[in-house]
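Visitor: First the structure, then my questions, so here it is.
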Amino acid sequence: MPFKSHPKYCCEACQLVLCKPRQTECGHRFCETCIKDLLRYEKR
Numbered sequence: 053m054p055f056k057s058h059p060k061y062c063c064e065a066c067q068l069v070l071c072k073p074r075q076t077e078c079g080h081r082f083c084e085t086c087i088k089d090l091l092r093y094e095k096r
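The sequence shown begins at 53 in our numbering and counts up one residue at a time.
In structure tokens:
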């Protein structure tokens, strides 16, 4: 049976277990790399 992580420990962007977790003011959790990539993409 595959390991299923609790959503609390998963990145909202990549859906993997958080790596260097960061949390937004509204409570969403992202890997540090994912949030940096998302913010960089939004600046375009």
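C-beta atoms are modelled at their ideal positions from N, C-alpha and C, and glycine is treated no differently.
Given the structure is predicted, the values throughout are model-derived calculations rather than measurements.
Is the beta carbon of C86 sitting closer than 8 angstroms to the one on C62?
Guide: No, the Cβ-Cβ distance between C86 and C62 is not below 8 angstroms.
Visitor: Measuring straight from C-alpha to C-alpha, what distance separates P73 and R96?
Guide: So the two alpha carbons sit approximately 24 angstroms from each other.
Visitor: Please name the residue or residues paired with C83 in a DSSP beta bridge.
Guide: In DSSP, C83 forms a bridge with P73.
Visitor: Please name the residue, chosen from P59, C78 and C66, that lies closest to D89 on a Cα-to-Cα basis.
Guide: Nearest C-alpha to D89: C66.
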